[in-house]
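Single-structure report; data block below.
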Amino acid sequence: MAITRLALFLIVALTLVSPAAAQVQRWNGPRALEMIGEARTVRQGMAQDSTLQSYSSQARGYVYFYLDRGDTGERVLVKTDQIALEVYWAAPDKFKQRIVGLRDEKKLPTNIHYHLDHLVVVQDEFGDRIRIGDGDEVEAVVHPAAAGSEGVYDFLLSDSVTLDLPATDESVRVYEIQVRPKNFEVPGFVGSVFLDRDTKAIVRMSFTFTPASYVDSYLHHISISLENSLWEGRYWLPYRQQLELRREVPYLDIPAGSVIRGSFEVREYEINPELPPSLFLGSTISALPEATRKAFPFEEDLYAQLEEEGLEGFQSPPEMEEIQALALSIAKDHYLSGLRGTRLFLPSPTISSAIRHNRTEGLFLGGGFSHSPAPSLGLALYGGFSFGREKPTLEMRVTGGERSPTSQLHLYQNRPRDLGPVPAISGVLNSLASLTLSQDYTDLFFATGASVTHTFALSTEIELRMTARLERQRRGKDVVSSDVEDTDYRPVISLDRGSWASLEATGSFPTPMPGLSLSLEGTMGRFDDGFGNSIPVGASSAGMGESTSDNFGSLAAGFTYEKGWLTRGTALWADLRGGTLLGEPPMQGYFFLGGRQTLPGHAFRSQVGDRFWLARTEGSMDLLHPILRLRAFGAAGRAWGKEMFQFPSGTGSGDTPVLFSAGLGLGLGWDVLRLDFARGLGDGGEWQVILAVRSDFWPFL
């Protein structure tokens, strides 16, 4: 009897399963093809709807141009444009847009000029052939609901979901139809089309393209989201549109690219207004005179959207990330990137990985190449030679390709590493200082071994990066001074050599306070000195007896607050971090403070300890944009711990004091170059003049 009741329950449940669920794994199912046919009929019928003869509306939008780090997603704002449009349509197929307001501002020098269609909205869902950048970027991609699209695309009825309409308080039930080309070697649409359950009108399209779609060889990808909303209860018309276009140098694989991000909203619709036929004469896009456009009374400030989004405004919007993730899942074993499979390769920092100079390597030259044999596999080989050490550097990286770029196996020989917890200077400036002033702000040691890294996306805002590392570490020494006892160079800090094995975890987490983020780091490992007894901190391991091993660990946390008032040209930054070591780590695992980037005005790396805390803050404002920017900064911190010893540079004992710094600085030329005047407060403090480059450019230098 119980079995009978269970069987009846299953039968009833199966009859209630939605069509979407029943066909979820079936491409080109009859229901999906039927819906696409209905959507096509609705699109064609709009021009024949006697109740809709015309409309007019207002559109407002922003277009941003960024420099982009492909390895981290961090972005640097270059230029912002704000646009106001008048939008018109008349049956059967008359379109007109007029740019009535347009203003811009540059945060970095650029001569970029946008294609005209980047500054307007899409009125007809691109028509039957999708064209972007006046055909210079994408040309003649068949629309999924165009006539004959069933011969070009596969369709999958993926899901049935409820969407909140952006322009009203209503909700609508929609079907999601996933779309993929039958042949990925030709121009094609990859993504989803959302159809109104009742009318089969297109409510939303979220998509990217096949590589063959891209006319411009610099294009990495284009992601587009078009959202319609219901007006007067029956007309599905454009409401919100987003575009993200990313470029890289096609023959050079470096962690740098450029991004154009556009965001528009269409509003204030008037249905069936009287529009004179003369309105539609000439080009479909026109513009008022430049002076009139600049004088347009915009309702919002130029940076209102970015200031509302906060730090998120400098990252790829979630919708764009979702589009790429969906497209990759649909494409499976097919490429989506428009870039070449084989390119010259320079890892970060880009320029310094090609050429650099410091006292532990002398002159270094390097280069390599990358190759993508499959969408889920990326290879990179890099090599160089240190003329001072007379030794090569070799590296091989194996990644998950565009499918899983955050998964990486890294093999390396003589890879340089520096001390922490904070990098001191950009690579290019350090090379210049080393060559001209005999000043080197690194203390390199060299690692040979392997690491495996994977990043877990715990949520849309939280990522956890895990790294397992096994390597042999060797100390660096001064190889450029003829007499290390009589040189202008600072002595190289003597570090420990031996075998390092560790498991590291790092994560960044948002907080309820806008602009405030939390970072956590943890390491547990083992260090085998390979020479003898446990090494006192800072002592040489040479000449010791049998090998010994010591377990160690570290914990570190940091809070970072960033707030920018772009309209007023002011910004505030604050950072508080600290850490502690556990067990018996080698010297290179300790924390070093003092000098530039930590406690300016004090001797460089003059404090070292197994515990530290460091607080830094900075406020800045434009004096004469873009030529001059004023900065004020301060810092306080301390590194301390057991078994401290005296460096030649003057490191104190375990009872080190808290150090303070304060100063003023000038940002020169778009705030790229910085000239700081810092004073160390208290005993040992001095005036220092520090030339630096803005830190978000360091990965490229």
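Counting in our numbering, the sequence shown runs from 496 upward without gaps. C-beta atoms are modelled at their ideal positions from N, C-alpha and C, and glycine is treated no differently.
Asked, Found
"Ala945 versus Glu966: straight-line alpha-carbon distance, rounded", "6 Å"
"Among Thr1018, Tyr648 and Arg692, the one whose alpha carbon lies nearest that of Thr657", "Arg692"
"Simplified DSSP state of Pro900, which is helix, strand or coil", "strand"
"Reference Arg756; option with closest CA among Pro1080, Leu614 and Thr931", "Leu614"
"Proximity test, Leu927 beta-carbon vs the ligand FMN heavy atom, cut-off 7 Å", "Absent from the structure shown: the ligand FMN. Ligands present: none."
"Candidates Asp828, Ala1187 and Ser867, of which the one nearest Arg838 by Cα", "Ser867"
"First through last residue of the alpha helix (DSSP H) which encompasses Met961", "Met961 -> not in any alpha helix (DSSP H); beta strand (DSSP E) instead, spanning Glu958 to Arg970."
"Closest residue to Arg898 among Thr950, Ser848 and Ala942 (Cα-Cα distance)", "Thr950"
"C-alpha gap between Met1139 and Phe941, whole angstroms", "Residue placement at Met1139 is flagged as unreliable, the pLDDT there being 47, under the threshold of 50; the coordinate-derived value follows with that caveat. Using only the alpha carbons, I get a separation of about 23 Å."
"At least 3 beta-carbon pairs within less than 8 Å: the segment 729-749 vs the segment 852-859", "no"
"Cα-Cα separation between Tyr550 and Val710, rounded to whole angstroms", "34 Å"
"CA-to-CA distance, Ala1000 to Tyr648, given in whole angstroms", "43 Å"
"Backbone CA spacing between Gly878 and Glu890 [nearest angstrom]", "6 Å"
"8 Å Cβ cutoff met for Leu801 and Tyr764", "no"
"Endpoints, the beta strand (DSSP E) within which Asn853 is located", "Ile850 to Asn853"
"Burial state of His608 (16 or more Cβ within 10 Å)", "exposed"
"Secondary structure, alpha helix (DSSP H): runs of 4+ residues fully inside the segment 748-812", "785-789 and 799-804"
"Pick from Ser781, Phe759, Arg985 and Leu1109 that is closest to Phe1054, judged by C-alpha positions", "Leu1109"
"Pick from Lys886, Leu932, His829 and Phe882 that is closest to Leu872, judged by C-alpha positions", "His829"
"Close-in-space but distant-in-sequence residues of the same chain around Ser448 (CB under 6 Å, 5 per side omitted)", "Residue 448 lies beyond the residue range present for the chain, which begins at 496 and ends at 1196; the question has no answer from this structure."
"Leu1188, enclosing alpha helix (DSSP H) - first and last residue", "Per the sequence presented here, residue 1188 reads as Val, with Leu not at that position. First-last for Val1188: Trp1182 to Val1188, but that is the beta strand (DSSP E), not the alpha helix (DSSP H)."
"Reduced DSSP secondary structure (H/G/I, E/B, other) of Phe1195", "helix"
"Alpha-carbon spacing of Val917 relative to Val558, whole angstroms", "34 Å"
"Endpoints, beta strand (DSSP E) assigned at Leu1161", "Leu1154 to Leu1163"
"Alpha carbon of Glu620 to alpha carbon of Asp631, nearest angstrom", "19 Å"
"Spatially closest choice to Ser902 from Asp935, Thr948, Leu876 and Arg912, by CA coordinates", "Thr948"
"Cutoff 7 Å; reference Gly1129; Cβ partners in own chain excluding five residues on either side", "Thr1112, Ser1156 and Ala1157"
"His613 (DSSP reduced to helix, strand or coil)", "helix"
"Beta carbon of Asp1045 nearer than 8 Å to that of Glu1079", "yes"
"C-beta atoms of Val923 and Leu1196 nearer than 8 Å", "yes"
"Three-state secondary structure assigned by DSSP to Met1116", "strand"
"Proximal residues to Leu547 (C-beta, below 8 Å), its chain only, five neighbours per side dropped", "Met541, Ala586, Tyr730, Ile766 and Asn767"
"Identity of the residue in Arg668, Gln934, Val975 and Ile697 nearest Gln618 by Cα", "Ile697"
"Reference Ile627; option with closest CA among His638, Asp612, Pro771 and Ala640", "Asp612"
"Close Cβ partners of Arg741 (< 6 Å) along its chain, the five nearest in sequence each way excluded", "His715, His716, Gly752 and Val754"
"Minimum C-alpha distance to Leu959 - residue among Phe1004, Arg969 and Asp983", "Phe1004"
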